[in-house]
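In the numbering used here, the protein residues as written are 8 to 164.
C-beta atoms are modelled at their ideal positions from N, C-alpha and C, and glycine is treated no differently.
These notes concern the structure reproduced below.
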Amino acid sequence: MYAVLDSNLDQRTQTPRQTNLPQQRLEAQICKLHPIMTSALQYKDRNLMAVVGDEDTVTGLLLAGIGHIDARQKKNFLVVDNKTTKPQIEEFVQDLLKRRDIAIILINQHIAETIRGIIDDHEAAFPTILEIPSKDHPYDPSKDSVLKRVQKLFGNE
């Protein structure tokens, strides 16, 4: 049973009345009544992180438990080395951006520089692209497109 979030409160307890609505109908009702929750419900299936990085970064994050291979054998991680081509990175990131189960993409900043156009063009909230440092390449805030957008939003250009 689910609680319906509307003005139909139980007068005695002042709590939402219980209902046996199916999950989809309940979510539709919540979205109508509470538009702010709409975006959260639309992205409820986005429960994975992805990583594009050097071997050390990807290995560390895989050991932390973010690795996943779906039923179609699609991985949520890519190890980039000196043999990895720019088109391979671009194709992998484009695939991640289309996936409905990815919420956050972590990418080493020096790798993000090679596909800066794709990253700068991505304006959707999900999946969020976060640039991270690597062992051999320190983080440079002046190159981070997310940080630039935040600074622009607050007028700190």
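Cβ-based burial, residue i [other Cβ within 10 Å; buried from 16]
i    : result
D151 : buried
F99  : buried
I76  : exposed
N89  : exposed
N163 : exposed
L12  : Low local confidence applies: a pLDDT of 46 at L12 is under 50, so the model's placement there is unreliable, with the coordinate-based value given in what follows. So L12 ends up on the exposed side.
F161 : exposed
P134 : buried
Per DSSP, cross-strand counterpart(s) of residue i
i    : result
L104 : BP columns for L104 are empty, so no partner.
N115 : I139
A57  : I112
I76  : K82
Simplified DSSP assignment, three categories, for residue i
i    : result
F99  : helix
I109 : strand
V86  : strand
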